[in-house]
Amino acid sequence: MKNKYLKNVCTLKLDSDKCVGCGRCIEVCPHNVFRILKGKAEIIDKDDCMECGACAKNCAFNAIEVKSGVGCAYAVIMGWLLGTEPTCDCSGGSGECC
Amino acid sequence: MNTNSCCNSEEAIKKNETSSECVSNQNSCCCENAGMSTCEPVLQYDARQRWILGGIDTSEGKIPRISTKLSLSDIAGACKVRFGIGRMNYKINPGLYAAGMPDDTSPVLVTANYKLTFDALRKELNDLNAWIVVLDTKGVNVWCSAGKGTFGTKELLNRISKTRLSGIVSHKTLILPQLGAPGVSAHEVEKKSGFRVVYGPVRAEDIKEFLEAGMKAKDEMRKVKFNIINRAVLTPIEFISTFKIAILVFGIMFLVNLIAVNPFGVVDFYALMGALIAGTVITPLLLPWIPVRAFAAKGWIMGLIWAMAVNILNGGFAIPEYGILKAFAYLLILPSVASYFAMNFTGSSTYTSFSGVIREMKIAVPLIGFTIGLGTVMLMINCFIHI
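Chains A and E, in that order, are what the protein sequence lines are. Using the working numbering, the first residue of the first sequence is number -11, and each one after it goes up by one. Using the working numbering, the first residue of the second sequence is number -12, and each one after it goes up by one.
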């Protein structure tokens, strides 16, 4: 059964004018969000995107924009409480530093 | 392998200080230095490790050769970290390793230094000749460290130069795990090091097929799965990580019992444990079959079922043995506890987006806080007043 998450929240944006259709986004996307149509990338279903940021990071033409972040609830709550960006330091410093 | 890696690495830095290319920066935390120092020898390895079979000679020195078979101690180590024992320190030395008998034309695979990750890769390399570049990800797996940026462009460039890779292979291609992509900018790596980045399959088990197909991944190899087995292996650590809070709550209950008229009992104990299991084990296992999308809602439903079960087990909702007040308190608290821990599972899932998590948390967190608070007040009243 396919896992589906919330609809219409994803921040993924693709600028077709900048896209050259190299296909790098298809190579890195873990959820098959893109396809190439007529020499340009196209978003198939935005709701499948988990905002990992791989496509934007690997687009040499800056055609993709997505707000990626740590999707860990505990980190988000700590971020709200401390007024900082959520960080994924679940390790809590154990063994990180001597 | 290096339980006291800090000190080992520091020694390594000191030993190599005479070498001309050594730049040591021992000003801050020494673990940081271990990652940042540029004087680590290519051949530094601990030959006592059973998974190292010896070394092979290259123009840049001896490179450790690894076994492609997992031993019992590797498997035992994997089980331990799945239950949270030494999980944050299950790592190997970053650097270059050899699988089989690679030469200068052999493929170069890049991975993280979490031993669970490294083992998952090397057990797939039977009959293959390949180089393995292990990045210093502080003992974190590829995807999580890529998200944090430790499996990243900077560390990759740094490791390429530290392992003197361009002297060892004659080609200019690196194969990275696809899930390393959130941290690595392929075009930047190529611009700065000359090495072309090819993203391999998501799972190490597909690496052989990927190489045989001339570094082409099938669509199926590019997709992240999250089936019941993938989820099941995550549940022990999810459950165990609630113990700190559970012990705290039971401690408070014990203190309240010292002065309570109507003390907490075994029902309260299993009611809470059940809610924790509903949130950390049952919800993850049944994830796609619970017919709502938000994780907090999925957990709440499982917790509600549990709360009703507890009330029914204790004499039914109409006339519960422990009174109507506690019955209502359970209906408020238990679903919210399960909801909270289910919501936390978004961090372990492979398909939730950051924006989505924020959206559901903005609604769920205040509701969870309010219901647990109100329920706790009701439980306290029940402890001190006979109704």
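From the three backbone atoms N, C-alpha and C, an ideal C-beta is built for every residue, glycine too.
Here the alpha carbon of E:Val127 sits roughly 15 Å from the alpha carbon of E:Leu143. Taking 9 Å as the upper bound on Cβ-Cβ separation, chain A lies near residues Ser335, Ser336, Thr337, Tyr338, Thr339, Ser340, Phe341, Ser342, Gly343, Val344, Ile345, Arg346, Glu347, Met348, Ala351, Val352 of the region 335 to 354 of chain E. Residue burial annotation: E:His158 is exposed, with fewer than 16 other C-beta atoms found within 10 angstroms of its C-beta. Inclusion of A:Asp36 and A:Val21 in the CB contact set at 7 Å is warranted, their separation being smaller than that value. At least one CB of chain E lies nearer than 7 Å to the CB of A:Asn(-9). In this structure, E:Gly343 lies away from A:Tyr62, with their beta-carbon atoms at least 7 Å apart. Per DSSP, reduced to three states, the secondary structure at A:Tyr(-7) is coil, with no helix or strand assignment.
Per DSSP, the unbroken beta strand (DSSP E) holding E:Leu83 starts and ends at 82 to 86. Note on A:Cys7: 16 or more other CB atoms within 10 angstroms of its CB, so buried under the neighbour-count rule.
Of all residues in the region 7 to 24 of chain A, those with a C-beta nearer than 9 Å to a C-beta of chain E are Arg12, Ile14, Glu15, Val16, Cys17, Pro18, His19, Asn20, reading in chain order. No Cβ-Cβ contact shorter than 7 Å links A:Gly71 with A:Val54. Linking E:Arg69 to E:Gly238 through their CA atoms gives a straight-line distance of about 27 Å. For E:Asp44, DSSP records a beta bridge to E:Lys49.
Think of a sphere of 7 Å around the beta carbon of A:Gly57: the chain E residues whose beta carbon falls inside it are Phe341, in chain order. Taking 7 Å as the cut-off between beta carbons, the residues of the region 27 to 45 of chain A near chain E are Cys37, Met38, Glu39, Cys40, Gly41, Ala42, Lys45, in sequence order. Between A:Arg23 and A:Asn46, the gap from beta carbon to beta carbon reaches 7 Å or more.
With a threshold of 7 Å between beta carbons, A:Leu70 makes no contact with chain E. Assigned with DSSP and collapsed to three states, E:Leu235 falls in helix. Here E:Ser335 is not near A:Glu39, since their CB atoms are 7 Å or more apart. If you draw a 10 Å sphere on the C-beta of E:Ala63, you find fewer than 16 other C-beta atoms in it, and that means exposed. When Cβ-Cβ separations below 7 Å define contact, E:Val95 makes no contact with chain A.
Within the model, the alpha-carbon separation for E:Ile216 versus E:Ala204 is close to 23 Å. DSSP places E:Leu115 outside both helix and strand once states are collapsed to three, so it counts as coil. Classified as exposed, E:Met202 has fewer than 16 neighbouring CB atoms from the shown chains inside 10 Å of its CB. Note on geometry: alpha-carbon atoms of A:Ile52 and E:Pro307 lie some 58 Å from one another. Closest in alpha carbon position to E:Pro164, among E:Phe197, E:Asn145, E:Leu152, is E:Phe197. Contact of A:Leu(-6) with chain E by beta-carbon distance below 7 Å involves Arg280, Ala281, Gly343, Arg346, Glu347. Residue-level contact by beta carbon fails for E:Lys67 and chain A, as no gap is shorter than 7 Å. Ranked by Cα distance from E:Thr229, the first of E:Ile277, E:Ile264, E:Thr140 is E:Ile264.
Interface annotation, E:Ser180: not in contact with chain A, CB-CB separation never under 7 Å.
Within chain E, the C-beta atoms nearer than 8 Å to that of A:Ile65 come from Met348, Val352, in chain order. Less than 7 Å separates the beta-carbon of E:Asp61 from that of E:Asp106.
Residue burial is scored here from C-beta neighbours: E:Asn80 has at least 16 other C-beta atoms within 10 angstroms and is therefore classed as buried. The beta carbons of E:Val297 and E:Gly266 sit about 15 Å from each other, so the pair does not count as a contact at 8 Å. With a contact defined as Cβ atoms closer than 8 Å, E:Ala65 and E:Leu103 qualify at about 6 Å. In the DSSP assignment, A:Lys28 falls within the unbroken beta strand (DSSP E) covering 28 to 31.
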